[in-house]
Amino acid sequence: MKYIGYCRKSTDEPDRQILSIEAQVAELKEFAAKEKLEIVDFILESKTAKEPGRQKFAEVIRLLESGVADGILSWHPDRLARNSIDGGRIIYLLDTGKLLDLKFPSFWFDNTPQGKFMLNMAFGQSKYYIDSLSVNVKRGNRQKLRRGEWPNKAPFGYLNDMSTKTIQVDKKRAKFVRQAFEMYATGGFMQIDIREFFTKNKIFNKTGHTVHVNKIKHMLSDPFYYGVMNFCGELYEGSHKPLITKKLFDKVQEVVRRKSKTHYSHTPEFDFLGLVKCGECGGSITAEKHVRFYPTKNRTAVFIYYRCSKKFGPCSQRYTTGLEMEEKMRVAIKNASISNYVAKKFLEWAETDSQKENLESSDKVGILTRQLKEAEEKLDRLLEAYLDKVIEETEYKAKKNELLENKLSLQAEIKEITEKGNEWLEPFSEFVKTAETGAKTARAKNNLHELSVQARTVGSNFFLKDRQLTCEYVKEGWKPLSEFGVGALSRPSTRTLLGD
Ligand SMILES: [Zn+2]
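My numbering runs 2 ahead of the 1-based position in the sequence shown.
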């Protein structure tokens, strides 16, 4: 008789008592020598047997059916089959005579009705084991989730605290994760820019490599960061500390939705690529680098030229030098910037107004608190209806997510009003500070990357035509600011502007 040695160990088997594949092979070889069994081939599988369709298992079946072998040697029946389909196949091969014998060092089998019955039981038990395992895992997970605990690996920006089995903020990364959300919410950045931002700040993944763009993509749409856990499509309130507000998260989702419709190209060397389009034909702008050597001076100089890609056909536009482009960009940014004097004034004015509004907001908190209580009662009633089997699970889940979203929004709103005072104060101050930075960025030297970052923040639809650069300023703040003409205004005109 010719045997196939079959060994399997999958990574998702939590049972540490199961031998490694190497150990299984060694055991089988020893067993075969002792029993004087001929092994024609070893087939090793590291995939899980929970789902039918294992490739190596299919190979075993093929070898048996083609008559290359007529016996199987494996550590235990549970190595061979962990679902009823695989088990059924083995039994069928025994019944049809393609398979004559099975040998296990840890399980006795002989090809008799009683033997097959015992084997069936062993397969059945392994199926039972798998079923109960996944039920236990699910049950354990759900309990954890209801307590607000995350049963999986901590998302980027958080850490698994092994001693307390909780999720803690990763102090090193969290700050940058938050900034990444803020950057992305402006709509002026791509995921690749976020990666660059991480790399620049020495933020790498846990293995020390550059963070993958897919990971950033996933991060930007994970509600975990504002305190809600999405587990298999169901939302749970997390007990971990949020890194961002729901409002910021929602803003980022809007940008994600918008961006999924457009495509960008990006070459880090030329900072303005992907930002500017040809004003004549709408084609993208490409850049070229020319290195020129001056023998008399014995030095080389690098020139960058931007020109229309002409991908939409003929276009009469000629090139623009990198220097020209840089100058135009500085002007565009300066037009939407404010001097530090104006910035200071704006912030003072905002502070006064915010104090006034604080008084009014306490009334609002009262209303929101009542609404929150209502939402919580509704959730309770919904759960009761589900437990009483008045409604179906799918309906329950959908409704629950909706109510929970509402509840979380209310909570977030209350929190924002009570903690931060006014909704507009923070973004407004942030805006003022960014506009102030804009003035500095427009003035500074050798800062092409900062220029492109600021340009993406304040505007979009940059067009280059006849060496002139135009853009649309972002409606919230930047557009009125650019029209106002306060960009780098000096003291006297500012006074009239602010009426002070
Ligand atoms: Zn063109």
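Cβ coordinates follow ideal geometry from the N, Cα and C atoms, glycine included.
These numbers come from a predicted model, not from an experiment.
Query                                                                                                                                                                                 : Result
If you reduce the DSSP assignment to three classes, tell me which class Asn-448 lands in.                                                                                             : coil
Please confirm whether Ser-364 and Lys-248 have their CB atoms less than 8 Å apart.                                                                                                   : no
Might you give, ordered along the chain, the residues of its own chain that have their beta carbon closer than 7 Å to the beta carbon of Ser-495, omitting 5 neighbours on each side? : Legend: pLDDT at Ser-495 = 38, less than 50; position of this residue unreliable, value from coordinates given subsequently. Within the same chain, Ser-495 has no close Cβ partners at all.
Check whether the segment 452–460 and the segment 397–417 are in contact - that is, three or more C-beta pairs closer than 8 Å.                                                       : no
Can you check whether the CB of Gly-73 is closer than 8 Å to the CB of Tyr-8?                                                                                                         : no
According to the Cβ coordinates, are Ile-63 and Arg-91 closer than 8 Å?                                                                                                               : yes
Per DSSP, which residues does Tyr-228 bridge with? Please list them.                                                                                                                  : Paired residue(s): none; Tyr-228 is not in a bridge.
Does chain D have any CB closer than 8 Å to the CB of Leu-82?                                                                                                                         : Annotation note: the requested chain D is absent from the structure, which comprises a single protein chain.
Got a sec? Which residues, its chain only, sit under 8 Å from Gly-235 by beta carbon, not counting five neighbours each side?                                                         : Lys-399
I'd like to know if the segment 25–38 and the segment 99–112 are in contact, where contact means that at least 3 CB-CB pairs between them fall below 8 Å.                             : yes
Use the C-beta contact count for Met-164: other C-beta atoms within 10 angstroms, 16 or more gives buried, fewer gives exposed.                                                       : exposed
Spatial neighbours of Lys-467 within its chain, please: CB distance less than 6 Å, with the 5 preceding and 5 following residues excluded, ordered by chain position.                 : Gly-281, Glu-282
Taking only the alpha-carbon atoms, compute the straight-line gap between Ser-341 and Glu-438 and give it to the nearest angstrom.                                                    : 6 Å
Got a sec? Which residues, its chain only, sit under 6 Å from Pro-153 by beta carbon, not counting five neighbours each side?                                                         : Asn-143, Lys-146
What does the Cβ neighbour count give for Trp-480, buried or exposed, with the cut at 16 atoms within 10 Å?                                                                           : buried
Mind listing which residues have their beta carbon within less than 5 Å of any non-hydrogen atom of ligand 1? Chain order is fine.                                                    : Cys-280, Glu-282, Cys-283, Gly-285, Cys-310, Cys-317, Gln-319
From Pro-482 to Thr-302, what distance separates their C-alpha atoms?                                                                                                                 : 44 Å
Exposed or buried, Lys-253, counting other C-beta atoms within 10 Å across all chains shown (16 or more means buried)?                                                                : buried
When you compare the CB positions of Arg-309 and Ile-287, do they come within less than 8 Å of one another, or not?                                                                   : yes
Would Leu-161 and Met-331 qualify as a contact pair, given that the criterion is a beta-carbon distance under 8 Å?                                                                    : no
Mapping DSSP to helix, strand and coil, what is His-292?                                                                                                                              : strand
Between the C-alpha atoms of Tyr-27 and Leu-65, what's the straight-line distance to the nearest angstrom?                                                                            : First, the residue type needs correcting, since residue 27 is Val and not Tyr in the sequence shown. Taking the straight line from one Cα to the other gives about 19 Å.
According to DSSP, which residues form a beta bridge with Asn-162?                                                                                                                    : Ile-169
Candidates Leu-237, His-214, Tyr-94: which alpha carbon is nearest Pro-225's?                                                                                                         : Leu-237
Per DSSP, Tyr-238 is paired with what?                                                                                                                                                : Met-231
Give me the Cα-Cα distance between Ile-45 and Lys-58, rounded to the nearest whole angstrom.                                                                                          : 7 Å
Distance check for Lys-38 and Val-70, CA to CA, integer angstroms please.                                                                                                             : 18 Å
Distance, Cα to Cα, Ile-205 vs Asp-195?                                                                                                                                               : 13 Å
My understanding is that Val-171 touches Lys-243, with C-beta atoms under 8 Å, so please give their C-beta distance in whole angstroms.                                               : 5 Å
Report the rounded CA-to-CA distance for Arg-372 versus Gly-190, giving the unit in angstroms.                                                                                        : 39 Å
Which ranges does the alpha helix (DSSP H) cover as unbroken runs of at least 4 residues, wholly within the segment 25–84, from first to last along the chain?                        : 57–67, 79–82
With DSSP collapsed to three states, give me the class of Asp-252.                                                                                                                    : helix
Just confirm the distance between the C-beta atoms of Phe-158 and Leu-277, as a whole number of angstroms; I'd bet it's less than 8 Å.                                                : About 27 Å; that fails the 8 Å criterion.
With a 10 Å radius around its C-beta and 16 neighbouring C-beta atoms as the bar for buried, classify Trp-77 as buried or exposed.                                                    : buried
Count the other CB atoms within 10 Å of the CB of Asn-448; is the residue buried (16 or more) or exposed (fewer)?                                                                     : exposed
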